[in-house]
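Take a look at the structure below.
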Amino acid sequence: MDGAVAVYVQYRPRLLGIARRVLGSTVEAEDVLQDVWLRWHRADRSAVVSPVAFLSTITTRLALNVTQSARVRRETSMGPWLSDPLDAGPDLEQRAQQAEAVEAALLLLQKRLTRTECAAYLLREAFDYSFPEIAGALRLSQGNARKLVSRARMHLAQERRVRGNTAGHRLLLTAFVAAARTGDVASLEAVLTAPVK
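Okay, so the sequence shown: first residue is 449 according to this note's numbering, each after it adds one.
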């Protein structure tokens, strides 16, 4: 148990930064970190390959859930049709919607970014990799890693299209979901850095 506490305390400032960036509020970020600790405490940590990736993913998901909650939607509603209470469907339905959202997001990334831009962007934004970590994973210089992430952000803001690959999309989706669930980012790295077929 002491090991779990030490790991959590070590990465807590990083997790607080992630939650604060997503939520824009330190108070709400602190609430999210309480839930992160509970999930970390209950997790089978022997199966977690990368504690920082696992904790970062949980933090990101929980923070996004807060931003998408009915309370936040009512506060930021753009019209009366958006302020209706949400139907509290079964957990299975919610997971299906989340899976669809992840698939749509990854498909958008693959449509607008080159393969290398997509890899750098995912490692930075989804798994909170540092630029030296991205450079190591993609076998680039740190300057190139920064430039790729910057270009990816710019291309996502534009209506740019890159030719996609359906089989590649399915492989990336499977690896991304597995990495998000288990913290095993090494398998995702292998997919992102594999030669194009």
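Note that beta-carbon positions come from the ideal geometry of N, C-alpha and C, so glycine has one too.
What span of residues does the alpha helix (DSSP H) with residue i cover, start to end?
i, result
"E581", "F579 to L586"
"V453", "D450 to L471"
"V514", "P499 to T515"
"Q482", "T474 to R490"
"R563", "R563 to Y569"
"S598", "Q590 to A605"
"V639", "V633 to T641"
Between residue i and residue j, what straight-line distance do the alpha-carbon atoms span, to the nearest angstrom?
i, j, result
"V625", "G472", "26 Å"
"S635", "L481", "27 Å"
"S660", "V597", "This structure gives no information on residue 660, because the portion of the chain shown stretches from 449 to 645."
"R560", "A600", "8 Å"
"W488", "R460", "12 Å"
"L570", "D450", "32 Å"
"A628", "R490", "17 Å"
"I466", "Y456", "14 Å"
"D483", "L619", "31 Å"
"R468", "V453", "21 Å"
"E551", "N592", "27 Å"
"Q590", "E637", "17 Å"
"V500", "H603", "28 Å"
"D492", "A623", "20 Å"
"R594", "R563", "15 Å"
"T515", "S578", "25 Å"
"R462", "P580", "16 Å"
"E565", "E573", "12 Å"
"L464", "L486", "15 Å"
"Q606", "L588", "25 Å"
"I506", "N513", "10 Å"
"L556", "L621", "12 Å"
"P528", "F502", "Confidence in P528 is poor, its pLDDT being 38 and thus under 50, which makes the residue's placement unreliable; the coordinate value appears in the next sentence. Their backbone Cα atoms lie some 38 Å apart in a straight line."
Classify residue i as buried or exposed, calling it buried when 16 or more other Cβ atoms lie within 10 Å of its own Cβ.
i, result
"I633", "It is Val, not Ile, that sits at residue 633 in the sequence shown. So V633 ends up on the buried side."
"E478", "exposed"
"T508", "buried"
"S504", "buried"
"D576", "buried"
"V470", "buried"
"Q558", "buried"
"A647", "Any answer about residue 647 is impossible in this case: the structure gives the chain only from 449 up to 645."
"V475", "exposed"
"E548", "exposed"
"L640", "buried"
At a Cβ threshold of 8 Å, is residue i touching chain D?
i, result
"L503", "Among the protein chains of the structure shown there is no chain D, as only one such chain exists."
Roughly how far, in whole angstroms, is the beta-carbon of residue i from the beta-carbon of residue j, given that I think they are within contact range, below 8 Å?
i, j, result
"A567", "L586", "6 Å"
"A511", "T630", "About 20 Å separates the two Cβ atoms, so there is no contact after all."
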